[in-house]
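Going by the UniProt record's numbering, the final residue of the sequence shown carries number 136, and the count climbs one at a time with no gaps.
We put the beta carbon where it would ideally sit given N, CA and C, even for glycine.
These numbers come from a predicted model, not from an experiment.
Take a look at the structure set out below.
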Amino acid sequence: MLLNVDKNSKNVSLKKIRNNELLYLMSCSSSLPGADRTICNVLIDEMKNIIHVYDDLRHCSTSIFKELDQTLIIELMSLLGVEYGRYRIVLYYAPILKNPFIREYELKSEKLISVNTEDLNELFYRKALNNESLEK
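In structure tokens, the structure reads:
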């Protein structure tokens, strides 16, 4: 598959959390001029081939929902050392009307779609439900 990589890098960076090989703090450039970097937690579910992304919206930037695109995903997967398209992406953030906002980012259509309950990560679901802070 031929990928169109935007010339404008998202400058994605990753930092492991507490020696947990699957949990990271990710940051990326914001598309909002003058804004701080967007930060979120990333958790890899190797059993289900899902990358879970949690944004607590406590940063002075745009949400990961706004920043997520093919360029960011390519950079993220490259840093994680996984092949593009091998993992699905599930996004979580703080409750809207008392329910966590959770969507899957479909790579082919680049659209947000509904997520099956069995594909949710318990830690990130709880964090989104309770509006908890990021792991740092």
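Asked	Found
Whole angstroms are fine: how far does the CA of A128 sit from the CA of C40?	12 Å
DSSP beta-bridge partners for H59?	DSSP output for H59 lists no bridge partner at all.
Are the C-beta of M77 and some C-beta of chain B separated by less than 8 Å?	Absent from the structure is chain B; it holds one protein chain and no more.
In whole angstroms, what is the alpha-carbon distance linking residue 145 and E132?	Lying outside 1 to 136, the shown extent of the chain, residue 145 is not represented and no answer is given.
Looking at the unbroken beta strand (DSSP E) that takes in M26, where does it start and where does it end?	20 to 28
From this set, I102, V115, E118, Q70, which residue's C-alpha is nearest S109's C-alpha?	Q70
Looking at C-alpha atoms only, which residue of E67, D56, E21 is the closest neighbour of E46?	E21
Nearest CA to the CA of K66: which residue from S13, N130, L112, S9?	L112
Quick check on S78: does DSSP put it in helix, strand or coil?	helix
Would the region 12 to 32 and the region 89 to 104 be scored as touching if the rule is three or more Cβ pairs under 8 Å?	no
May I ask you to report which of helix, strand or coil DSSP gives Y125?	helix
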